[in-house]
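In this note's numbering, the protein residues as written are 13 to 528.
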């Protein structure tokens, strides 16, 4: 009985002496002692392992499924008792071996039924088109397709196959099918079978090693420390790593298994933790949570949703979760992006878009409704002080009346009371309350003065002229009298003349304006 994959078989092929056997066991012990954690050479991990088949020949144990893993294939005929042969005329045929655990596979050897005849045989038509799957479950659909036999040109497959299959798994499936709705090459059999005389699975039984001697550690970031048994490339990376040997951390805002998940909205667009995806320095605006993927609850905004929307929002505490800008603008009396600023001087209403009226002393109106709290300036009335006084009134609270002597229906300026179109005839002044006759009386007084003064002036001038003429005449008479001898009557005349001078002197001293 041939036992492949064992030291005993190797020793049987050589001259068996006591000394030889002792040397071989020393080599084996040294090899195992060198590293007790793993096998130091590839081994057939399917040898004598449990099997399952879907079309067994129940009454004939001579061809049962375990014949394909008993280590014997020297007689590849139906009568040799070393091959599994399935029931006849099936559309599908499945045989499976359980390796006892997940292992690293290097290659798979298949030795098919030949009836010990020269190659190729008629049995290759039954073998044609087969599949090899490796899975961690008892379903091939959960695993990897390791090989599919397809002849690109007319011909038949070899009954001896060495198939590279660098994967990891627990179950190896041999599967074939003949679907009625599929057209197969002419050399395919009409029905399918499994007629395996031996199926060997070579690899490393110790997880985490690779290489021809299974003594090289797989890279530390390989998922479950599993790697390609030939190249050492990881068969999957731990979360947070990528690359052939999983030596690169996730980048470009990714994390997790195979770096397939996207980071959330981390603060300042920083990348998240490459393994678990958490944001190390908090969240950007509008999101919250360890992964910064949860939107702010209504009424909150900003980084980590730490700010509350303003109560001055038009829709109370409803705002943009990123900026805090109020939905629908601000309530009356407030302005700003987040409605946190009161209306400036002279403005009121929603978003402070309305101008105040003419409040008293230019005071601020109510920021919400625009009413003037201290009353109106002169010339205006109403709650908002935007209504001008009626055309016939002016001043504070429009209590003063325009003068009735204003032209144009007695209208005046609503603030000052000045007549808009001047005064009616006979009246003057800015407010038209002075009668023009007062100015006429003054003129008449001037005329009266002139009429009195002018005649007096004329009389005075005439008197002066008469006096001058008279004086000259008297002077001549005096001179004539001096030249003549005095006479008695002259004394009398002298006295009269002296009296006349006295009268004249008194006249000069008199003021003609005193009588006026």
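Using N, Cα and C, we set each Cβ at its ideal position, and we do this for glycine too. Since the structure is predicted, the reported quantities are computational estimates derived from the model, not experimental observations.
Once DSSP output is grouped into helix, strand and coil, what is the label at residue i?
i: residue 107; result: strand
i: residue 152; result: helix
i: residue 58; result: coil
i: residue 80; result: helix
i: residue 101; result: coil
i: residue 118; result: strand
i: residue 486; result: helix
i: residue 235; result: helix
i: residue 38; result: Unreliable positioning characterises residue 38 in this predicted model, as indicated by a pLDDT of 34, which lies under 50. The coordinate reading is nonetheless provided below. Correct three-state label for residue 38: helix.
i: residue 270; result: helix
i: residue 187; result: strand
i: residue 70; result: coil
i: residue 228; result: strand
i: residue 470; result: helix
i: residue 528; result: Legend: pLDDT at residue 528 = 33, less than 50; position of this residue unreliable, no value from coordinates given.
i: residue 292; result: coil
i: residue 203; result: coil
i: residue 366; result: strand
i: residue 96; result: coil
i: residue 372; result: helix
i: residue 593; result: This structure leaves residue 593 out entirely; the chain is present only between 13 and 528.
i: residue 327; result: coil
i: residue 182; result: strand
i: residue 465; result: helix
i: residue 125; result: coil
i: residue 195; result: coil
i: residue 281; result: helix
Closer than 6 Å by C-beta to residue i: which residues in its own chain qualify, once you throw out the five before and the five after it? Chain order, please.
i: residue 444; result: 415, 417, 418, 431 and 435
i: residue 350; result: 322 and 336
i: residue 104; result: 189
i: residue 160; result: 143
i: residue 422; result: 404, 414 and 416
i: residue 132; result: 168
i: residue 234; result: 246 and 258
Can you list, in chain order, the residues of its chain with a C-beta nearer than 7 Å to that of residue i? Leave out the 5 residues immediately preceding and following it.
i: residue 228; result: 221, 222 and 244
i: residue 37; result: The pLDDT assigned to residue 37 is 37, lower than 50, so where the model puts this residue is not dependable; a value taken from the coordinates is nonetheless given after this. Counting only Cβ-Cβ distances below 7 Å, and skipping sequence neighbours, we find nothing.
i: residue 261; result: 252, 253 and 286
i: residue 310; result: 330
i: residue 367; result: 358 and 359
i: residue 400; result: 391, 392 and 426
i: residue 315; result: 279, 294, 295, 296 and 297
Once the 5 residues before and after residue i are set aside, which same chain residues still bring their CB inside 8 Å of it?
i: residue 207; result: 95, 96, 97, 98, 124, 125, 135, 138 and 139
i: residue 383; result: 377, 395 and 396
i: residue 185; result: 106, 107, 108, 143, 144, 145, 146, 147, 152 and 155
i: residue 319; result: 312, 313 and 336
i: residue 487; result: none
i: residue 530; result: Nothing can be reported for residue 530: it is not among the residues displayed for the chain, which extend from 13 to 528.
i: residue 292; result: 278, 282, 284 and 285
i: residue 177; result: 117, 118, 119, 120, 144, 146, 158 and 159
i: residue 500; result: The pLDDT assigned to residue 500 is 46, lower than 50, so where the model puts this residue is not dependable, and the model offers no usable value.
Please list the terminal residues of the continuous alpha helix (DSSP H) segment that includes residue i.
i: residue 333; result: Run containing residue 333: none; DSSP gives neither H nor E here.
i: residue 137; result: 136-139
Please report the residue range of the beta strand (DSSP E) in which residue i lies.
i: residue 352; result: Taken as a continuous stretch (DSSP letters only), residue 352 belongs to no beta strand (DSSP E), as it is neither H nor E.
i: residue 213; result: 208-216
i: residue 146; result: 143-147
i: residue 64; result: 63-65
i: residue 174; result: 172-176
The ligand MN heavy atoms versus the CB of residue i: any closer than 7 Å?
i: residue 318; result: The ligand MN is absent from the structure shown, which contains no ligand whatsoever.
Can you find a C-beta in chain D that's less than 8 Å from the C-beta of residue i?
i: residue 334; result: Absent from the structure is chain D; it holds one protein chain and no more.
Item to check | Whole alpha helix (DSSP H) elements within the segment 390-449, 4-residue minimum | outcome: Whole alpha helix (DSSP H) segments, 4+ residues: 419-422.
Next on the checklist: Whether or not the segment 144-155 and the segment 89-102 are in contact is what I'm after, with contact meaning three or more pairs of Cβ atoms, one per stretch, closer than 8 Å; do they touch?
Outcome noted: As far as the Cβ criterion goes, the segment 89-102 does not touch the segment 144-155, which means the pair count is below three.
Checklist entry - Counting pairs of beta carbons, one from the segment 300-308 and one from the segment 271-278, are three or more of them closer than 8 Å? => result The segment 300-308 and the segment 271-278 touch, with no fewer than 3 CB-CB distances between them shorter than 8 Å.
Item to check | Touching by the beta-carbon criterion (3+ pairs, under 8 Å), the segment 252-270 and the segment 278-296 | outcome: Touching, yes, given that three or more Cβ pairs across the two stretches are closer than 8 Å.
Item to check | Validate contact between the segment 100-114 and the segment 200-215 using beta carbons, cut 8 Å, 3 pairs | outcome: Two segments are said to touch when three or more pairs of C-beta atoms, one from each, lie closer than 8 Å; by this definition the segment 100-114 touches the segment 200-215.
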